[in-house]
Every structure is written in structure tokens, then in C-alpha cells.
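For the working numbering, count along the sequence shown from 1 and bump the result up by 31. Structure first, commentary second.
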Amino acid sequence: MKALSRPWYAKELGEPLSWVVGVLVTAVTLEGLQAFNPTTYVPIPSPVLVGVIVGMVLHELMHRNVARRYGLLSMYVVNALGVIVSLLTLPLPFKIIAPGYTSVYVFGPPGPRKRRGLLESVVAGPSINMLLSFLALVAGVIARVGGAYEAFLWLVQFAWVNAYLAFFNLLPLPPLDGSKVFRLSVVLWAVLFVISIVLLVIAWLL
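Right, here's the structure in full:
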């Protein structure tokens, strides 16, 4: 029997190369050709650029590592469709940055431990974005009290970006994390979604 093959746009890169391509596509989608200009990163890079890249990398790492802790096979992969969709938004005022995703594979019947692992893995991504947002807000308030107004502005923008990443990913729409959390635990989804909105509003008001 001939093995089924995926169309070219759905074929996935290996994990090491996926991380490199994922970060590069994210930077180019946000900064265009300036992503290859060293002055974009020196002396102080944009809080949006740093927020999105740090938020994305840690988001996917948390998905992957929590799943692996429960014995599930998990890896970050990039495919051509995600890269194309991301780059097509380059000239637009809004961006869709989705060059890749974390795949989690479950072999055999999904027992209680595997189901818990799936839930915690899905929750871990948005949770790290909310933690980053909260820590940046705290640091921003401290900076403002200390008179470091430029640092305050940078940290608040970083916080807003990560709060938005959490909020967007928690929308209960497939294939976003929110749809999976909603399916597994409506109460937990509601709590996380409200927290993401609170962080988003605080960062906006500051």
C-alpha cells in the first residue's frame, strides 16, 4: 500500500530548524527587512518585538515541556502554510504570527494521567504569557516609582503584548488553546480568560 503523504504546505520541519525558522519569521513579520539590520536590536530593541518573540518561544516551550513531563511525545514544528500566512500579513497593520505550533501525540487509550497531561500542557502556554505580563507590570510600576519613565513605558508595552498573546490564545475557537481548555474544563478556561482580560486592561490603562 502506498503511504499517504501530506501536501507541501502541511509538511513539517524538524524541531531544531523549526525553532530557527519560527523566530526568524516572527521577526520578519514584525519588522520587515529591518529584522536583518543590527540597529533594530541595539541599543534597545522594540518591546513589541521582544515581547512577541520571548512570549512565543516560552509559550511553545511550556506546551512541549509539560507534555513531555507526562510522558507524551511533543515537539515544536513549523510548516510552509504557517510561514506563508504570517508573512502575508507583513504589510498589514495587524499581524497573524503563526509559523508553527507544538504537536502533542497520544499513543494508546488516553487514561487519567494522559488527560491531565494534555490539559496542563494546553494551559501552560497562555499561563506563561500571563506570568510574563504580570512580572513586567510589577517591574514597570517599580520603574515608574523610581523615576525610570522610559523603562516603565518599555515594560508596560512588553506586558500588554504578552497579555494579548494570552487573551488571543484563550479565545474558545479552534485551533487555539482556548478551544481545547474550554473542552476539557469550562471553569478553568473562564478563570484564565478573565485573568488575561484583567492584565490586558491594566497594561492598557497604564
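Glycine included, C-beta positions come from ideal geometry on N, C-alpha and C.
Asked                                                                                                                       : Found
Decide if N96 is buried, meaning its Cβ has at least 16 other Cβ atoms within 10 Å, or exposed.                             : exposed
Helix, strand or coil: which one does DSSP assign to T120?                                                                  : coil
On the criterion of 16 or more Cβ atoms from any shown chain inside 10 Å, does L168 qualify as buried, or is it exposed?    : buried
In angstroms with no decimal places, state the Cα-to-Cα distance between I75 and P69.                                       : 11 Å
The beta strand (DSSP E) spanning G139 covers which residue range?                                                          : Looking at the DSSP string, G139 is not in any beta strand (DSSP E), and its letter there is neither H nor E.
Which runs of the alpha helix (DSSP H) fall wholly inside the segment 138-203 and span at least 4 residues, in chain order? : 143-176 and 180-200
If you follow the beta strand (DSSP E) that V218 is part of, which residue opens it and which one closes it?                : Where V218 is concerned, there is no enclosing beta strand (DSSP E), although the alpha helix (DSSP H) it sits in stretches over V217 to L236.
Just the Cα atoms here: how many angstroms apart are L89 and E46?                                                           : 15 Å
Just grab the DSSP bridge partners of G131 for me.                                                                          : V109
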